[in-house]
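Visitor: Below: one structure in structure tokens.
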């Protein structure tokens, strides 16, 4: 059973309502996200322990195992990634900049701002600074007066100030945490298939930290023509052949 926030981050992140509730009190965004996009533009998100990378410098096998079946990741899959560990070239992104995660962080911020305002700030003002009234009858007329010596209860006032300050600091600290670049984020683009498994490459900037030149080198090219890696050249040749065969079959 998948539990979701109103802004729908949980459909690809939270497994059940307990995880969403835990995030409400201890907001911890995932540290790693791998987004896989196939040739038709369909994408899947995988998080943290769902990603297992095995491989060397020129190529890597990435095993993606979702913790539960969901629309954005229907089942386990294995990818061949050109260039080795894709997480070594991943970008550090702000949780507020990532789909789904942004929804969870935004929902958390809005909910706790409303809780603070309506459950702590406003009730505190009404209870602490609403003075008692005394009814005095003068010449047959009733008048409500505030005692001249009245002052807010110092113990309740101190508690309210501490609670208000703590909540404000806690909310602000977490909002700044959501804005910091703390999530390792990489996008893998499927360029073909090799041995039945998708062959992928990390996308260049701004979706990863690679420059266009580094991206070419990652593909195994020193320039537009010269290849410096036989293993990568063979992989790309096989992928190109498979793509052409599929086009001919269509």
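In the working numbering, the protein residues as written are 31 to 280. Glycine residues also receive a C-beta, built at the ideal position from the N, C-alpha and C atoms. These numbers come from a predicted model, not from an experiment.
So residue 73 is in the beta strand (DSSP E); what residue range does that whole segment cover?
Guide: 73-77
Visitor: Look at the alpha carbon of residue 151 and the alpha carbon of residue 184, and state the distance between them as a whole number of angstroms.
Guide: 17 Å
Visitor: Measure how close the beta-carbons of residue 216 and residue 116 come, nearest whole angstrom, since I'm counting them as under 8 Å.
Guide: 5 Å
Visitor: Return the CA-CA distance between residue 208 and residue 138, expressed in angstroms with no decimal places.
Guide: Their Cα atoms are separated by approximately 10 Å.
Visitor: How about residue 190 and residue 154: are their beta carbons less than 8 Å apart?
Guide: yes
Visitor: Which runs of the alpha helix (DSSP H), 4 residues or longer, sit entirely within the stretch 39-66?
Guide: 47-55
Visitor: Whole-angstrom Cβ separation of residue 91 and residue 108, contact assumed at under 8 Å?
Guide: Contact annotation, residue 91 with residue 108: C-beta distance approximately 6 Å; criterion of less than 8 Å satisfied.
Visitor: According to DSSP, simplified to helix, strand and coil, what is residue 137?
Guide: helix
Visitor: Suppose contacts are defined by Cβ-Cβ distances below 8 Å. Is residue 103 in contact with residue 65 by that definition?
Guide: Not in contact: residue 103 and residue 65 (Cβ atoms no closer than 8 Å).
Visitor: Between the alpha carbons of residue 51 and residue 44, how many angstroms are there, rounded?
Guide: 10 Å
Visitor: Since residue 212 sits in a beta bridge, which residues does DSSP pair it with?
Guide: For residue 212, which the question treats as bridged, DSSP gives no partner whatsoever.
Visitor: Rounded to whole angstroms, how far is the Cβ of residue 67 from the Cβ of residue 73, which I believe are closer than 8 Å?
Guide: 5 Å
Visitor: Find out if the Cβ-Cβ distance for the pair residue 110, residue 197 is shorter than 8 Å.
Guide: No. Outside cutoff.
Visitor: Is residue 188 helix, strand or coil when you go by DSSP?
Guide: The DSSP-derived three-state label of residue 188 is helix.
Visitor: Identify the continuous alpha helix (DSSP H) that holds residue 85 and give its terminal residues.
Guide: That residue, residue 85, is in no alpha helix (DSSP H); its beta strand (DSSP E) goes 81-85.
Visitor: Below 8 Å between beta carbons: does that hold for residue 201 and residue 142?
Guide: yes
Visitor: Nearest by alpha-carbon distance to residue 205: which of 60, 126, 96, 101 is it?
Guide: 126
Visitor: Just how far apart, CA to CA, sit residue 219 and residue 97?
Guide: 22 Å
Visitor: May I have the straight-line CA-CA distance separating residue 162 from residue 173, to the nearest angstrom?
Guide: Rounded to the nearest whole angstrom, the CA to CA distance from residue 162 to residue 173 is 13 Å.
Visitor: Unbroken alpha helix (DSSP H) runs of length 4 or more, entirely within the stretch 89-150: which are they?
Guide: 131-145, all fully within the stretch 89-150.
Visitor: Using C-beta distances below 8 Å, list every residue in its chain close to residue 176, excluding the 5 sequence neighbours before and after it, in chain order.
Guide: 161, 162, 163, 164
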